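Here the structure is laid out as structure tokens; the discussion comes afterwards.
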Amino acid sequence: MTHRKAATVLLLLCAAWANATASHAAAPRESKAAQTPAAKQGTALRTKGRRSVVVRRRGHSYVLDLSKHVDAMRIEDATELSRTRRGGFVYVVLEVCGLSKVPPDDRQCGAGIECNLVWLKLDPRWKVSDAKSVLYESCWLPVTSDEGPKVNGRTLLLEFDDLRDDTRHEVSYDADKPEEGLTEKTRPMPKENP
Numbered sequence: 001m002t003h004r005k006a007a008t009v010l011l012l013l014c015a016a017w018a019n020a021t022a023s024h025a026a027a028p029r030e031s032k033a034a035q036t037p038a039a040k041q042g043t044a045l046r047t048k049g050r051r052s053v054v055v056r057r058r059g060h061s062y063v064l065d066l067s068k069h070v071d072a073m074r075i076e077d078a079t080e081l082s083r084t085r086r087g088g089f090v091y092v093v094l095e096v097c098g099l100s101k102v103p104p105d106d107r108q109c110g111a112g113i114e115c116n117l118v119w120l121k122l123d124p125r126w127k128v129s130d131a132k133s134v135l136y137e138s139c140w141l142p143v144t145s146d147e148g149p150k151v152n153g154r155t156l157l158l159e160f161d162d163l164r165d166d167t168r169h170e171v172s173y174d175a176d177k178p179e180e181g182l183t184e185k186t187r188p189m190p191k192e193n194p
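Under my numbering, the first residue of the sequence shown carries the number 1, and numbering increases by one thereafter.
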């Protein structure tokens, strides 16, 4: 893919995101991959400030500062995709999306979205002891995913394309091996037929 073609694709993606996210501020984004176990466990998740989320569980609230792990300027939506306890730690996987630019405007990426898949290893007091984050949707970078994270039972799969170097990334997570975190494989993007 030539640089001109990549730039054109990027502009088209940003324009598409601008159209798709115009209603985003009015209605929270729903994740296709969201599971209900967190709700069944009496868990609530909400955003706090620009770059934190609050997890409320069984009468306790835990503030998770995600500022080092998200690319959005302000978190608009966070969804818990997995939670596992093992060896005295809590492992949480979140899908976190938000605005590319604050305040939004009608310039480049003014209505854009940045999305990260975030794996957190939390100690018994819910302090982050380890983390990994993967940016899979971005207006600023030519990075995009067709479907976002997909959860199937206790496994999670995310595919996204990085148009800067024409690579496809496959990120996976296994809740039966939560200490392994997110694993990522990269391969060349399939060639387009002329």
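Heads up, the beta-carbon is just placed ideally off N, CA and C, and yes, glycines get one too. Computed from a predicted structure; not experimentally measured.
The continuous beta strand (DSSP E) containing Arg57 extends over residues 52-57.
Residue burial is scored here from C-beta neighbours: Pro103 has fewer than 16 other C-beta atoms within 10 angstroms and is therefore classed as exposed. Annotation for Val171: the continuous beta strand (DSSP E) segment containing it runs 167-174. Cα atoms of Arg107 and Lys177: separation of roughly 43 Å, rounded to the nearest angstrom. If you compare the alpha carbons of Asn116, Asp162, Lys68, Leu99 with that of Arg74, the shortest gap goes to Leu99.
Val96 counts as buried, since no fewer than 16 other beta carbons sit within 10 angstroms of its beta carbon. Only residues of its own chain outside the window of five on either side were considered, and among them Val55, Trp126 have a CB closer than 6 Å to the CB of Tyr62, listed in chain order. Taken atom to atom, the span from the alpha-carbon of Thr155 to that of Val93 is near 11 Å.
Beta-bridge annotation (DSSP): Trp119 is paired with Val93, Lys132.
Per DSSP, the unbroken beta strand (DSSP E) holding Arg85 starts and ends at 74-86. Across the structure, His60 and Leu45 are spaced so that their CA atoms are roughly 12 Å apart.
With fewer than three CB-CB distances shorter than 8 Å, the stretch 178-192 does not count as touching the stretch 136-154.
Its chain contains Val93, Lys132, Gly181, Leu182 as the residues whose beta carbon lies nearer than 6 Å to that of Trp119, once the 5 sequence neighbours on both sides are disregarded; these appear in chain order. Counted as a single uninterrupted DSSP element, the beta strand (DSSP E) harbouring Asp65 occupies residues 60-65. Here Asp130 has Leu120, Lys121, Gly181 as same chain residues with Cβ atoms under 8 Å from its own Cβ, once five neighbours each way along the sequence are excluded. Pro178 sits in a helix when the DSSP states are folded into three classes. When secondary structure is reduced to three states using DSSP, Arg46 falls in the strand class. Excluding five sequence positions before and after Glu159, the CB atoms of its chain that fall closer than 6 Å to its own CB belong to Glu170, given in chain order. Minimum Cα-Cα distance from Asp166 among the listed residues Pro188, Asp105, His69, Ser172 corresponds to Pro188.
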